[in-house]
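Written out below as structure tokens is the structure these notes cover.
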Amino acid sequence: MNWISLTSEENSFDEIPMSNGLTAVFITTFGLSATIFAETETQKALTVFMLEKDQSCVGRGNVGFALSELPWRRQTFKQDKAFFLQTLSGIKEELGWQTLDYEPEKELLFPVVNRLIQLTEQLTEELIEEAAAVEWLMAAKEDDPIVTGFPRCEEHQLLLSLYGCHACNDK
């Protein structure tokens with residue numbers, strides 16, 4: 002079972018569990034929306050971080066992370082949190098869905114998005130786990146999308162992750 006939580010602390014109350022299929026659809030639709038709204042390097046890095054939660058590459062049932070572990074920057078936290086919330090709202094507006102060869106199940110996806118909006122609203126600058134973000138950024142290799150200018154998939158216009166296009170991998 003995959004999950005997203007507010008922090009990495011042991012607290013199942015704030016954990017959002019998701020099946021493998023729902024996780025794949027959530028990550029793809031998040032990426033489509035985020036790619037539309039991402040303007041800054043930090044926002045693009047946040048998007049790529051999410052897109053790297055690709056089960057076709059990391060294994061089914063192996064996606065679990067805390068919002069506090071994303072590569073947030075304290076200097077731009079308020080702006081980036083607003084971007085993240087805008088991205089989640091964009092999922093509910095079905096942004097970018099026309100590029101998909103399937104129709105996401107809204108009755109499964111939207112409750113997860115709504116819960117994630119609630120968790121994101123609870124995220125504060127004090128909860129950011131900078132060490133996790135630094136570790137992720139330091140692991141970037143010279144051909145990593147966060148180093149090579151954030152390329153996009155030609156078919157889906159989705160920002161590419163280390164594993165390529167999440168929507169292409171999800172087929």
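Numbering (my numbering), first residue to last: 2 to 172. Don't be surprised by glycine CBs; every beta carbon is placed ideally from N, CA and C.
Taking the alpha-carbon of residue 28 as reference, which of 47, 10, 74 has the nearest alpha-carbon? 47
Cα-Cα, which of 124, 116, 72 is closest to residue 136? 72
Between residue 34 and residue 88, is the Cβ-Cβ spacing less than 8 angstroms? yes
For residue 4, does the three-state DSSP call read helix, strand or coil? strand
Assuming contact is defined by CB atoms lying nearer than 8 angstroms, are residue 171 and residue 39 in contact in what I supplied? no
Give me the DSSP bridge partner(s) of residue 51. None, per the DSSP bridge assignment.
Beta-carbon spacing of residue 117, residue 69 below 8 angstroms: no
By the three-class DSSP mapping on this structure, what secondary structure does residue 66 have? strand
For residue 91, three-class secondary structure by DSSP: Helix at residue 91.
Residue nearest to residue 108 in terms of C-alpha spacing, selected from 10, 123, 23, 160: 23
Residue 110 (DSSP reduced to helix, strand or coil): Helix at residue 110.
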